[in-house]
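A.B. asks: Residue numbers (my numbering), protein chains in the order written: chain X, 1 to 462; chain Z, 1001 to 1408.
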Ligand SMILES: Cc1cc2nc3c(=O)[nH]c(=O)nc-3n(C[C@H](O)[C@H](O)[C@H](O)COP(=O)(O)OP(=O)(O)OC[C@H]3O[C@@H](n4cnc5c(N)ncnc54)[C@H](O)[C@@H]3O)c2cc1C
Ligand SMILES: Cc1cc2nc3c(=O)[nH]c(=O)nc-3n(C[C@H](O)[C@H](O)[C@H](O)COP(=O)(O)OP(=O)(O)OC[C@H]3O[C@@H](n4cnc5c(N)ncnc54)[C@H](O)[C@@H]3O)c2cc1C
């Protein structure tokens, strides 16, 4: 074991980005360990792409092909890849180890090289009633669908923005759910404006169009420029109020209508999962689309740390981009470890980089379409809880800002927002947006996560 | 270009206290500039106001002195290490106790005048004894502070059980330092800053002082990455980083260095502690929101702020031994902070010979939360030309110059 440590590559996250990196490394003679908290590799896109299943009805053909190819590459090299599933990385332990937790307790994972591929999580948007049972994020809805055991609801609506809305709507309908409405916050005119960018990936755009015609055929109302106002119910969600949004996504409350539902999916975007990268001390920059993302060079290596960061954890670009990024990082690392020559590095990387550039063009079209507007922040009423763990209400943020708080750390110290068990995963993007909206954009800082990323029972310390 | 009467570099407890007291007691134009560097101490701190406890080597110092005692005993060839109380000099007792006495009124004042609450709690600090050795140690401690006898209570096992029902049955008793209390440390910093802001101090947060402007032996101001601040007096309250600014201000060096301390925090629990506790393994305090805070290691590892499993285990084991109920809870967070350490464990305060327009307010080591208030007051006295209410000679940086000269 010790002899291996000096070139031990550890990959955190076994989604498309992490597995693509592992396969590419193996191809150049580098062994790696993939650590993932999920029971199976595959990441969020679907649980278990490395099993011999090809049922990916929700993916377009291109992506399906990419995933199948990835699966084949991965299988061919699986001897060189050690997999630790149901294992959570709790954070760095000292300067060259990670602390892991699994069923049998705590352990340490030494590393010489680190690739972070931890994915993203969905952005939470607080509005009155957002904590009612039955109000779910789109990912949660999909997860229940994929589990095949429970239907997320009988009568559902979807609110949010972006390509996931029609996709999940189709999936719900196929699963027998009565989808009573899909409410896309951005106006249709804006989508049309991005047509050129979207045509950079014609197949994806077409599959988007076929989803739209599926919805039309099944008479599922899809409204552009509409969104959530509030949710009602006592123990369980009973209805929601939706209203037309203006260009700033401010609901026109006088035009609000009530929709009776027993569940809704909410999807206003994603935030990169950067807690581990932050704990490791990587520098981050703020981006509007994905929140704080690590500052990386063109090979996805951190600018102040040896670690690589790939996939959604450095900004959401989708699975095929995640694969490209995983490959790029692996190639660079193989070169740094002397496994390939510079010319091999460049000749192989060029193709991948070109593909990535194409995806980005397309993706950025969607990002512009789904560009989050400040009206979203006005949904929460003064008494609406915006930080679940610490039960912080919006009015407490207002009060603190009125008192002159200008940065996220002071806001946190004053109100306890972001200090709860979730480490700010749920609320910190709201807090950031809120400060930005108050005109505070300079030097506002970040909510820094703390070690460990998950609570550790004291008994494990005996 | 900006011009202030006073610029304070560093906005931890010490810098923030200086800003508060100066703005409360004078009409000076004041700016405070702070960038939270990884490991900044005040937010990492436990928030104990353990004036006696810390002065006799309990609380934050206990692990340190346990290690020292062990080394000492080993050097003398003793098999069973004997814990020896480690008492700081009288000037420190006075410094710490004077500061400690300021908090009840300060708490009231900040609540009433500024609407901020730093959660001052009268808790006492109990040293829990598990065996005869601990009792011997406790006796030595109390013998060392006869003048504070009225602040010490002895509790037998039964009395202890009554006051702290969750402490292990293995405890044979405790001594309680009545005047030792606690605050919420980040709320304290926040309260000082908010009070200062309301009093008109300009706060430049998330802003680094990149250099000190010096003209001959006069400090004229500081620069940040995009601004210049001129001032009559620069207060260096930059914690474990203080030597950097000192060098630029004076061209000399002083021995302030980072001493890392790791802390373990539990999930919220119902109230299981009535007061703060120190054992010979760790200290334990339940904070205002129910979380149990366990500290702290003492490590000299430069500016490293990583957590390590061995220390977390040590602290957790020490705490579980004292409060077995912790076994039903989980560790929610751990962190490490950098105490601004000095070789003699005393702070470095006041002017520097031969340098004008510059004051030290640094080196507060294990007790900068406790002693922030008196530091703020002393700096105000210095700047307004009053005679300081405590003799600052033992805290002057000159003590190290002399030591250097002697050694040289
Ligand atoms: C709800 C949802 C639906 C999506 N639908 C589509 C779609 O239809 N088409 C499309 O192209 N893209 C879709 N995407 C995007 C696509 O899934 C991602 O872009 C892609 O999976 C990114 O891959 P990744 O490897 O970067 O991250 P992920 O696939 O998210 O993998 C990250 C992995 O890291 C693991 N991990 C993170 N932190 C830790 C830790 N501390 N310890 C251990 N393990 C950890 C996670 O368990 C996870 O398995 C969707 C994303 C989401 C969230
Ligand atoms: C684990 C731990 C537990 C502790 N427990 C206690 C306790 O219970 N009771 C107690 O009284 N004390 C305790 N202490 C000690 C106490 O925390 C410190 O003595 C005190 O916080 C020091 O305050 P400070 O303002 O000098 O330093 P800091 O809080 O570190 O503040 C200095 C500030 O200056 C900033 N800075 C540095 N350089 C620059 C620059 N160039 N430009 C701008 N800003 C700069 C730093 O980033 C920092 O924000 C503890 C310390 C630790 C680490």
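Note that CB positions come from ideal geometry on N, CA and C, so glycine has one too.
How about residue 1316 (chain Z): is its C-beta nearer than 8 Å to some C-beta of chain X?
C.D. replies: At least one chain X Cβ lies under 8 Å of residue 1316 (chain Z).
A.B. asks: Which residues, in order along the region 1258-1273 of chain Z, keep a beta-carbon less than 8 Å from a beta-carbon of chain X?
C.D. replies: Result list: 1266 and 1267.
A.B. asks: Is it buried or exposed for residue 218 (chain X), if we count other Cβ within 10 angstroms and need 16 for buried?
C.D. replies: So residue 218 (chain X) ends up on the exposed side.
A.B. asks: With the cut-off set at 8 Å, would you say residue 117 (chain X) and residue 21 (chain X) are in Cβ contact?
C.D. replies: A contact, by the Cβ cut-off of 8 Å.
A.B. asks: Measuring CB atoms only, is the region 1394-1401 of chain Z touching the region 1343-1350 of chain Z, in the sense that at least three cross pairs come out at less than 8 Å?
C.D. replies: A contact exists between the region 1394-1401 of chain Z and the region 1343-1350 of chain Z.
A.B. asks: Using CA atoms only, rank isn't needed, just tell me which of X:179, X:397 and X:451 is closest to residue 261 (chain X).
C.D. replies: The shortest C-alpha separation from residue 261 (chain X) is found at X:179.
A.B. asks: Based on the DSSP output, what are the partners of residue 523 (chain X) in its beta bridges?
C.D. replies: Outside the shown range of chain X (1 to 462) lies residue 523 (chain X), about which nothing can therefore be said.
A.B. asks: Please report whether the beta-carbon of residue 1329 (chain Z) lies at a distance below 8 Å from any beta-carbon of chain X.
C.D. replies: Yes, its Cβ sits closer than 8 Å to a Cβ of chain X.
A.B. asks: Could you give the distance in angstroms between the alpha-carbon of residue 1010 (chain Z) and the alpha-carbon of residue 1165 (chain Z)?
C.D. replies: So the two alpha carbons sit approximately 42 Å from each other.
A.B. asks: Can you grab the Cα-Cα spacing for the pair residue 52 (chain X) / residue 349 (chain X), in whole Å?
C.D. replies: Low confidence applies to residue 52 (chain X): its pLDDT is 38, below 50, so where it sits in the model is not reliable, and the reading given next is rough at best. Whole-angstrom Cα-Cα distance: 29 Å.
A.B. asks: How would you label residue 982 (chain Z), buried or exposed, when you count the other beta carbons within 10 angstroms and need 16 or more for buried?
C.D. replies: Since the displayed chain Z opens at 1001 and closes at 1408, residue 982 (chain Z) lies outside it and no answer follows.
A.B. asks: Kindly provide the ranges of any alpha helix (DSSP H) runs that are 4 or more residues long and lie completely inside the region 1335-1407 of chain Z, ordered along the chain.
C.D. replies: Runs found: 1372-1383 and 1398-1407.
A.B. asks: Step through the CB atoms of chain Z and report whether any lies within less than 8 Å of the CB of residue 407 (chain X).
C.D. replies: So yes, residue 407 (chain X) belongs to the interface.
A.B. asks: Applying the 10 Å Cβ sphere with the 16-neighbour rule, what's the burial state of residue 54 (chain X)?
C.D. replies: Because the pLDDT of residue 54 (chain X) is 40, which lies under 50, any placement of that residue in the model is unreliable, and the number read from its coordinates should be weighed accordingly. So residue 54 (chain X) counts as exposed.
A.B. asks: In terms of alpha-carbon separation, which member of Z:1167, Z:1197, Z:1298 and Z:1186 lies closest to residue 1021 (chain Z)?
C.D. replies: That would be Z:1197, whose Cα lies nearest to the Cα of residue 1021 (chain Z).
A.B. asks: So the beta strand (DSSP E) residue 1265 (chain Z) belongs to, where does it begin and stop?
C.D. replies: Where residue 1265 (chain Z) is concerned, the enclosing beta strand (DSSP E) stretches over 1257-1268.
A.B. asks: Taking DSSP's pairing of strands, which residues face residue 120 (chain X) in a bridge?
C.D. replies: Bridge partners of residue 120 (chain X): X:272.
A.B. asks: Between the Cα of residue 307 (chain X) and the Cα atoms of X:246, X:287, X:234 and X:97, which residue gives the shortest distance?
C.D. replies: Residue X:97 is the option with its Cα nearest to residue 307 (chain X).
A.B. asks: For residue 229 (chain X), which option in X:222, X:62, X:127 and X:267 has the closest C-alpha, if you only look at C-alpha atoms?
C.D. replies: Measuring from the Cα of residue 229 (chain X), the nearest candidate turns out to be X:127.
A.B. asks: Kindly indicate if chain X contains any beta-carbon less than 8 Å away from that of residue 1334 (chain Z).
C.D. replies: At least one chain X Cβ lies under 8 Å of residue 1334 (chain Z).
A.B. asks: For the alpha helix (DSSP H) containing residue 1091 (chain Z), name the first residue and the last one.
C.D. replies: It spans 1090-1109 - the alpha helix (DSSP H) in which residue 1091 (chain Z) sits, taken as one unbroken run.
A.B. asks: Just curious, the beta strand (DSSP E) that residue 428 (chain X) is in, first and last residue?
C.D. replies: Element bounds for residue 428 (chain X): not the beta strand (DSSP E) but the alpha helix (DSSP H), 428-437.
A.B. asks: Can we count residue 1367 (chain Z) as close to ligand 2, meaning its CB is less than 7 Å from some heavy atom?
C.D. replies: Yes, the Cβ of residue 1367 (chain Z) comes within 7 Å of a heavy atom of ligand 2.
A.B. asks: If you count every other CB in all the chains shown that lies within 10 Å of the CB of residue 1001 (chain Z), and 16 or more means buried, which is it?
C.D. replies: Flag for residue 1001 (chain Z) reads exposed.
A.B. asks: Hey, which unbroken runs of the alpha helix (DSSP H) at 4 residues or more fall wholly within the region 352-408 of chain X?
C.D. replies: Fully enclosed alpha helix (DSSP H) runs of 4 or longer: 394-402.
A.B. asks: Determine whether the Cβ of residue 443 (chain X) lies closer than 8 Å to any Cβ atom of chain Z.
C.D. replies: Yes, contact with chain Z.
A.B. asks: CB-CB under 8 Å to residue 50 (chain X), same chain, minus the five flanking residues each way: which ones, in chain order?
C.D. replies: Confidence at residue 50 (chain X) is low in this model, with a pLDDT of 35, below 50, so its placement is unreliable and the value that follows should be read with caution. These residues qualify, in order along the chain: 19, 40, 41, 42, 71, 74 and 75.
A.B. asks: Quick one: using the 10 Å Cβ neighbour count with 16 as the cut-off for buried, is residue 1258 (chain Z) buried or exposed?
C.D. replies: Residue 1258 (chain Z) comes out buried.
A.B. asks: Measure from the alpha carbon of residue 332 (chain X) to the alpha carbon of each residue in X:268, X:305 and X:301, then state which is nearest.
C.D. replies: Of the candidates X:268, X:305 and X:301, the one whose C-alpha sits nearest the C-alpha of residue 332 (chain X) is X:301.
A.B. asks: Considering only their Cβ atoms, is the gap separating residue 1161 (chain Z) from residue 1411 (chain Z) smaller than 8 Å?
C.D. replies: The question about residue 1411 (chain Z) has no answer here: the residues shown for chain Z are numbered 1001 through 1408.
A.B. asks: Please report the residue range of the alpha helix (DSSP H) in which residue 1056 (chain Z) lies.
C.D. replies: It is not in any alpha helix (DSSP H) - residue 1056 (chain Z) carries neither H nor E in the DSSP assignment.
A.B. asks: So is residue 320 (chain X) buried or exposed if we call it buried at 16+ other beta carbons inside 10 Å?
C.D. replies: It counts as buried.
A.B. asks: In angstroms, rounded to a whole number, what distance separates the CA positions of residue 1335 (chain Z) and residue 1304 (chain Z)?
C.D. replies: One C-alpha to the other measures close to 11 Å.
A.B. asks: May I ask you to verify whether the region 1027-1038 of chain Z touches the region 1197-1210 of chain Z, counting CB pairs closer than 8 Å and requiring at least 3?
C.D. replies: Verdict: yes, contact present.
A.B. asks: Going by the beta-carbon positions, is the gap between residue 245 (chain X) and residue 160 (chain X) smaller than 8 Å?
C.D. replies: The answer is no: Cβ separation not under 8 Å.
A.B. asks: Looking at the secondary structure, which residues open and close the beta strand (DSSP E) in which residue 231 (chain X) lies?
C.D. replies: It spans 226-233 - the beta strand (DSSP E) in which residue 231 (chain X) sits, taken as one unbroken run.
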